[in-house]
Structure formats: C-alpha cells, structure tokens
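Single-structure report; data block below.
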Amino acid sequence: MAHPHNTAEAAARMNEPIIEEFRANRGKVGGRFADARMILLTTTGARSGQRRTTPMVYFPDGDRLLVVASNAGATRHPSWFHNVLANPDVTVETGEETYEATATPLDAGEREVAWARITSEVPGFTVYQERTDRTIPVVGLRRAG
1 MAHPHNTAEA AARMNEPIIE EFRANRGKVG GRFADARMIL LTTTGARSGQ
51 RRTTPMVYFP DGDRLLVVAS NAGATRHPSW FHNVLANPDV TVETGEETYE
101 ATATPLDAGE REVAWARITS EVPGFTVYQE RTDRTIPVVG LRRAG
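Have a look at this one:
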C-alpha cells in the first residue's frame with residue numbers, strides 16, 4: 001500500500017477519471033479541460049520500471065507535440081519528467097490514434113521560443129513559473145520511426 005501522502009500516488013488517483021473519460025470519448029473530456037488540446041502520455045517509471053499514464057495539455061509544433069513539465073509550479077519537476085529523462089521512449093494517445101514517440105527536453109534557446117508561444121496561448125503557465133525557482137521544462141514528443 002502506497003503512503004497516502006505520496007504526491008505521485010495522489011496525482012495518479014486524480015488523473016484516473018480523466019484518463020477513463022479521455023479513452024471512452026476518443027480524446028474528449030469535460031470539466032476544466034473541456035476546451036484544452038489533450039493527450040495521454042505514458043512513460044516508464046525511472047525507479048519502478050512501471051508504465052504510468054498522465055493526461056496533459058499539448059501544443060502542436062511542426063512534426064512534434066510540446067508538453068510542459070509545470071507540476072502546477074511546484075518546487076520539483078513532475079514524476080513523468082524524471083521518467084522521460086531516464087527513458088525517452090514514450091507512448092502518446094491523441095484519442096484518434098496511439099503511437100510510440102521519443103521525448104526530448106528542449107534546450108534553453110528552443111525552450112525560450114516555445115515558452116513565449118505556450119504562455120501566449122495558456123497564460124496560466126506564467127503563473128506556474130512565477131511560483132517556482134526552477135525553470136519549467138518544455139518537452140518535445142516526436143513520433144518514433
């Protein structure tokens with residue numbers, strides 16, 4: 001039994017109904033994500049080796065998708081970000097299709113350009129960045145093959 005105060009476990013429990021709704025409705029969800037572009041990102045746990053799925057907002061960027069490791073402005077990166085650093089092979093579900101991809105954090109210059117676009121589309125990410133001293137990473141997801 002996981003410790004009840006484990007934030008990764010709490011997040012997983014919160015995400016479960018969103019994941020179920022996403023899969024049942026071909027990528028559409030209601031509530032606060034009703035108008036958001038969303039994917040399900042499945043990573044392999046850096047320590048556990050277990051597959052973990054996280055619903056996230058994405059931004060199209062040429063032949064890849066961009067996702068933000070905001071963790072709502074917490075002092076630590078989200079678990080999924082540590083997972084992609086350890087194993088960049090991920091699975092992306094769009095609601096229309098599921099495919100394997102490679103996750104690559106953007107370098108500083110690329111991130112700066114992407115961050116300006118992301119925060120103009122979703123100003124809430126600016127608030128998250130103001131809450132933390134860490135630079136919130138942006139990760140590119142490029143279809144494998």
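So in the UniProt record's numbering, spot 44 of the sequence shown is number 44, and the numbers just go up one at a time.
Backbone N, C-alpha and C define an ideal beta-carbon position, used for all residues, glycine too.
Partner residues in a beta bridge of F125, as assigned by DSSP, do not exist.
For R143 against A101, the beta-carbon gap comes to about 5 Å, under 8 Å, which counts as contact. Shown here, E130 sits in a helix according to DSSP, grouped into three states. Between H77 and P137 the beta-carbon gap is near 7 Å, inside 8 Å, which marks them as a contact. Between T54 and L41, the beta carbon gap of about 5 Å places them in contact (Cβ cut-off 8 Å).
Assignment of alpha helix (DSSP H) within the stretch 99-125, counting only whole runs of 4 or more residues, yields 108-121 in chain order.
Judged by beta-carbon spacing, A103 lies beyond the 8 Å limit of V127, meaning their Cβ atoms are not closer than that value. Comparing alpha carbon positions, the residue from K28, G30, A74, D61 closest to A11 is A74. The bridge partners DSSP lists for I19 come to none. Your pair F22 and E121 does not check out as a contact, with CB atoms roughly 20 Å apart and the cut at 8 Å. Spatial neighbours of N71 in its own chain (CB-CB distance under 7 Å, excluding positions within 5 residues in sequence) are listed in chain order as H77, P78. Cβ neighbours of R64 within its own chain (closer than 7 Å, five residues either side excluded): G140, L141, R142. E93 places its beta carbon less than 8 Å from that of I39. Taking the Cα positions, V29 is about 32 Å away from D107.
Short of 6 Å from the beta carbon of T119, and not among the five residues preceding or following it, lie these beta carbons of its own chain, in chain order: F125, T126.
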